[in-house]
Amino acid sequence: MNLTLLIGLPLLTALLVLLARSSHQVKWIALVGSVLQLALAFGLYFAFRQQRVIDPASQMLFEQNHPLFESLHINYHLGVDGISVAMILLTSFVVTAGVLVSFSQQNMTKEFYFLLLLLALGAYGFFISLDLFVLFFFLEISVIPKYLLIGIWGSGKKEYSANKLALMLMGGSALILVGILGLYFTGGHDFDLINLSKASLSGPAQKILFPFLFAGFGVFTALFPFHTWVPDGHSSAPTAGSMFLAGISMKLGGYGCLRVAIYLLPEGARQYADIIIVLSAIAILYGALVTMMQKDLKYINAYSSISHVGFSLLAMGMLTQTAITGALLQMVSHGLMTALFFAVIGMIYDRTHTRNVDELGGLMKVMPFISTVFFIAGLCSLGLPGFSGFVAEMTVFVGSWQNNDPFHRIATIAATLSIVVTAVYILRAAGRTVMGPINNHSFEELTDAAWNERLAAILLISGIIAIGVAPGWLNDLLKPAAEIIMNRIDGK
Amino acid sequence: MTQPGLYHILLISAVLFFTGVYGFLTRRNLITMLMSIELILNSVNLNFIAFNKYLWPEAMDGLFFVLFIIAIAAAEAAVAIAIIINLYRSHHSIDVEQAEDLKY
Amino acid sequence: MPNATLIALILLLPLAGFVLLGLFGRKYFRNSAGLIATLLLFAAAAIALYTAYEYFFVYGRTGGVYQKFYPLQFTWLEFSKGLSIDMGLLIDPISVMMLVIVTFVSLMVHIYSLGYMKGETRFSTYYAFLGLFTFSMLGLVVSSNIFQMYIFWELVGVSSFLLIGYYYDKPSAVAACKKAFIVTRFADLGFLIGILVLSYCSGSLDFATLTERLTSPGTMAYGNALSYSFLGVSAITWGTALVFIGGAGKSAMFPLHIWLPDAMEGPTPVSALIHAATMVVAGVYLVARLFPVFALTTPRVLELVVWVGVVSAVIAALIACTQTDIKRVLAYSTMSQIGFMMFALGNAGYGGAQGMGFTASLFHLTTHAMFKALLFLGAGTLIHFVHSNEIRDMGGLRKQLPITHLTFLVACLAIAGIPPFAGFFSKEEILFSLYSRNRLVYWIALFTSGLTAFYMFRLYFRIFWNKPPTRKDSHGHPEGGLAMTAPLILLALGSAGAGFIPFGSLVSTDGKAIESSISPLFSLAPVALGLTGIVLAGWLYRIQNDRPARLASSFKGFYRACYHKFYIDEVYLFITKKVIFNAIGRPAAWFDRNVADGLVNFTGSAALVISEKIKKIQSGRVQQYALYFLTGLLILAAFFIYVFVSQAGISDK
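In structure tokens:
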């Protein structure tokens, strides 16, 4: 399978969108393009499984390596392992759902879809690049569309949020760039991830570079205390924008933390693991507590994202193979779940024109489908078995518990405490929004979800349930890759 | 009376240079400032000639440089005067204090 | 050998009902939902009964010992080598017993709901939720892996949440379902950490391996489990204690009981199924499932179990005497009876006659399921008829609702422990097991069983006597037709006859039969006390008078404390509202907006302020720029001259 297809298809779709004549055409081109991406992602998954059986030894499959800029050793080097495949599947799910829910988008449709597809392009490229320079290039591609999406189509204090988000992410990028350049110069003038993983970097160099890379990618994935772009950015973004932000962009950071920072700098990771654990344990609990006080549905989900993403960072800090698998499971699970949550919040907002839980109520009566989806997203968020959140959280907990010392134990217990707080804020939000009596009579005329919204929700829910009911397939995909990372950390 | 040495000429050149600098910094009239720049350029020319003559009498590099500078100074003066004329058209003044639009 | 397909079918039939009705019920099965679900459950119950028969009487016993069977097991999620969540079926006496109880009570509730819930707009949703609950409960019961149990444990919790919140437009129901979920979730946190501890100690999540490794001294896991300690208590003790907290939450044990009375907001048949007969005994079942570990390795935790059970039984009985909402009285009575099961279980030892309490506890669980389900369904009929939960609005109903009256009486006699009804046998066995092992708890239990008789007959007399009986009305079926009366009658038969099951020979700690020979002389005290309670209740409540009020005022403060449930709810409210919300949540939110985000905004505004200050340099004056330029040039020149000179100086030397 040629991985360039994964970049080519969104690019082609984006260009076709630009050529389209009416907004109607734009939507359908985007939809067809994203469905093709979904099919391609599935194709990749099955091809990967087949190829894995044939070729169990090599770390990356479907590799291709072309020189881009020879004198600087920049190569167009692509390849996938289980982690990338899982992330690509996630991206394609979220992109398709995002395109579907944006069907009601009215103004500047062409530009809107173009930017969405550009963002998707950046994400796909990021997940398959094995050259740090190319990887960084795609990371940057995915930042600028966010700025425009929020600034143009957003709501509330959108200019402020867009600025904040773009500046903070750019700050993160700057740190990443420093880290990458550091790697380049200490690792023998090479950007290639695989080569760098074989080069032996000196301990002091790792200690210096690790914070740059981890904090840089950490900004993308809401590492405490660099998380403050999350609530404002998510709540100001249009629905599909929030879905992409939380579902895909935050995963770029998590993936980078693991694939670049921890994998390339294992000694640095060991050195800073405790700090990561402390920060993410704070993020988990603190995010959950802050969520409890929010009234705006989007803020609720944004803060809960901080808390949930904290789980995957915590697991990375735990440095055991199960925990790292858990971190990846959590990334996939959170991506699907939070995209679903934002989609359903968008549906509610489109109809009621408010996101304040105090002004909502009793939506179950008028919108049973949307309310059910809201419930499912909430239950997944609070880690109910049968949904993906449970699988991911339990893997994180079990993996974390394998560290046998009081510090790790206490951090794990602190993290488990959040499952109670999560239950509190989810039920509070659900209780005020979809349950209870209808307190605003204008709600009684509202309609339930349209076909495109139903389709988007069903798509994401099927992903969530597929992981929640039979987690084996995803676990099998992620575990060998996590093992390779773990072996490097253990110095094997 | 002996021939003037290198140091004498360098001294004159330095005086000329700082006169030019002083003029450039203190005059408000753009034409005068342009003349100050010519003074600076000429002080440089003088240096070239002097170094050429006293240190490497057999070479011609200094002379050629001077010729270049004179040519460039002429061109520069033409451009500068064109700018000044345009400035006068738009601002009705060639006072440099008036031409401070390109600020923060 | 057990048939895996058949046993799996017991679980899958209700699940099929849930999926079918949940997805398509609204559209296609609006009216037939009840029938479909009931038929599916009928099949499940029949298979369960058949399985029980086969197990207990055909293949289950080898050499006088009931064996454990694992007809099905597969890996669901592998964490690392040896540590995985396996899904499987575990067939042993207690799981088979629970299979029968759950399917039977659930079937009764399904049938009863055909009448009770008729005409509800979300009729199919109701049956879908019932199916989900039954599936989860059955899955919990047959779990072969502690994590599998946790999974179903959570599912049970959420289906309970969904059913309590069935009337979702009633704010009180919404509050109740949230409360139930959050309180049990808090307890589940303990369970989860307990699982982590136990699995770490034993290196396995399977019940069989886990139990074996943690109970056989000499193995490495056993040594580790005891040697590693935290706050002076060994890891394994922490583990089992935490697991017990999970059980206590689900079983509404003090101090995690506060959700149960509020959970009565759900439809009454649901209360019968979930909050009386099945889900709330999950805690007892959990302790029973891990009983070897509790009894052999951490007997100290069993003491905790005893005292939690005792406190719950006593305070619940006291509160039940003062409540006026029929369902709340029954809820507190449930809590009290589960307290009985808990302390009986906690008092037992492992093996032989030592394990008498274990058998007694599970026996009581069985009989309690019968008579408590019956009481709740009876209460449902009453509420259906009176349209009120308050016993003040009832009275003198014995003529209008004859079947309900009779069956309710049977249930009351059973719970009061009057021979030959079921409750008598199980309670007797509990008291007997206590008598020899813990005399203090025996006396408390005796007192509490007297109280039980009193408050149950208080209820009975207030509802069916107290006022002059009104003639039978002619309007339709006051008792809701056959769908509602048949389950009552069947359960009444169960409540009357379940005591004759030779329970000691079927269920015991080690699978061997125990002989229970209780002399009639021993039974004298409890029965006499029970009769006293009944007589006292009759004297106070059979006819309307001012004795109850006088009695209440003579107890004054104590009565008020009981009536207000010992103010435990208020304490919780204080902790959650005042402490967690206002003292932790609000400052955290403030901190985030003002400090964490403030830092970001500060960086932004600092950049603005500084650039505002330094932008003056860009004055637009050419001469000023030239001056800066010249200054810089001179500084550089001076610097280079200095360097040049100093280097020349070095090279000179």
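Protein chains in written order, with our numbering: chain V, 18 to 509; chain G, 93 to 196; chain E, -2 to 650. Don't be surprised by glycine CBs; every beta carbon is placed ideally from N, CA and C.
As assigned by DSSP and simplified to three states, the class of residue i
i: Leu495 (chain V); result: helix
i: Ile190 (chain E); result: helix
i: Glu512 (chain E); result: coil
i: Glu376 (chain V); result: coil
i: Leu287 (chain E); result: coil
i: Thr371 (chain V); result: coil
i: Phe227 (chain E); result: strand
i: Asn697 (chain E); result: Any property of residue 697 (chain E) remains undetermined from this structure, which presents chain E solely from -2 to 650.
i: Thr59 (chain E); result: strand
i: Leu78 (chain V); result: strand
i: Lys650 (chain E); result: Because Lys650 (chain E) sits at a pLDDT of 48, beneath the cut-off of 50, its placement in the model cannot be relied upon, and the point is left open.
i: Ser172 (chain V); result: coil
i: Ser430 (chain E); result: helix
i: Ser259 (chain V); result: helix
i: Glu500 (chain V); result: helix
i: Asp72 (chain V); result: coil
i: Glu192 (chain G); result: coil
i: Glu387 (chain E); result: strand
i: Ser105 (chain G); result: helix
i: Ser146 (chain V); result: strand
i: Ser471 (chain E); result: Any reading at Ser471 (chain E) must be qualified, since the residue scores a pLDDT of 49, below 50, and its modelled position is unreliable; no value is offered.
i: Asp207 (chain V); result: coil
Partner residues on chain G for residue i, Cβ-Cβ distance less than 7 Å
i: Val619 (chain E); result: Val188
i: Leu633 (chain E); result: Those do not exist, as Leu633 (chain E) stays about 16 Å from chain G at its closest Cβ, beyond 7 Å.
i: Leu624 (chain E); result: Leu117
i: Leu186 (chain E); result: In chain order: nothing, as chain G lies at least about 59 Å away.
Start and end residues, beta strand (DSSP E) containing residue i
i: Glu75 (chain E); result: Phe66 to Ser77
i: Ser81 (chain E); result: Leu80 to Ile88
Opening and closing residue of the alpha helix (DSSP H) in which residue i lies
i: Glu462 (chain V); result: Taken as a continuous stretch (DSSP letters only), Glu462 (chain V) belongs to no alpha helix (DSSP H), as it is neither H nor E.
i: Asn124 (chain V); result: First-last for Asn124 (chain V): undefined, no H or E at that position.
i: Pro221 (chain V); result: Gly220 to Phe237
i: Met127 (chain G); result: Leu122 to Leu147
i: Val437 (chain V); result: Pro423 to Thr450
i: Trp304 (chain E); result: Pro296 to Ala317
i: Pro584 (chain E); result: Arg583 to Phe588
i: Cys397 (chain V); result: Pro385 to Ser398
i: Ser268 (chain E); result: Thr265 to Ala269
i: Thr35 (chain E); result: Ala30 to Tyr50
Cβ-based neighbour list, residue i, same chain, cut-off 6 Å, excluding 5 preceding and 5 following
i: Ala170 (chain E); result: Gly162, Tyr164 and Glu262
i: Met250 (chain E); result: Val305 and Ser309
i: Ile225 (chain V); result: none
Chain-ordered chain G contacts of residue i [CB-CB under 9 Å]
i: Leu605 (chain E); result: None at all; the shortest Cβ gap to chain G is about 13 Å.
Partner residues on chain V for residue i, Cβ-Cβ distance less than 7 Å
i: Ser77 (chain E); result: Gln338 and Thr339
i: Leu152 (chain E); result: Pro402 and Gly403
i: Tyr657 (chain E); result: What the structure shows of chain E is the stretch from -2 to 650, and residue 657 (chain E) is not part of that stretch, so it cannot be assessed.
Contacts around residue i, its chain only, beta-carbon distance under 7 Å, and the 5 residues preceding and following it disregarded
i: His183 (chain G); result: Gln190 and Ala191
i: Ile323 (chain V); result: Ala239, His244, Val247, Ala300 and Gly304
i: Phe158 (chain E); result: Cys174, Ala177 and Phe178
Proximal chain A residues relative to residue i, where beta-carbon distance stays under 7 Å
i: Phe234 (chain V); result: This model lacks chain A altogether, as its protein chains are V, G and E.
Contacting residues, own chain, Cβ-Cβ under 8 Å from residue i (five flanking each side not counted)
i: Val295 (chain V); result: Ala428
i: Asp375 (chain V); result: Lys312 and Arg449
Proximal chain E residues relative to residue i, where beta-carbon distance stays under 7 Å
i: Glu192 (chain G); result: Ser616, Gly617 and Arg618
Runs of 3 residues minimum, wholly inside the region 81 to 108 of chain V: which ones carry the beta strand (DSSP E) assignment? 91 to 97
Unbroken stretches of the alpha helix (DSSP H), 4 residues or longer, contained in the region 128 to 167 of chain E: 143 to 161
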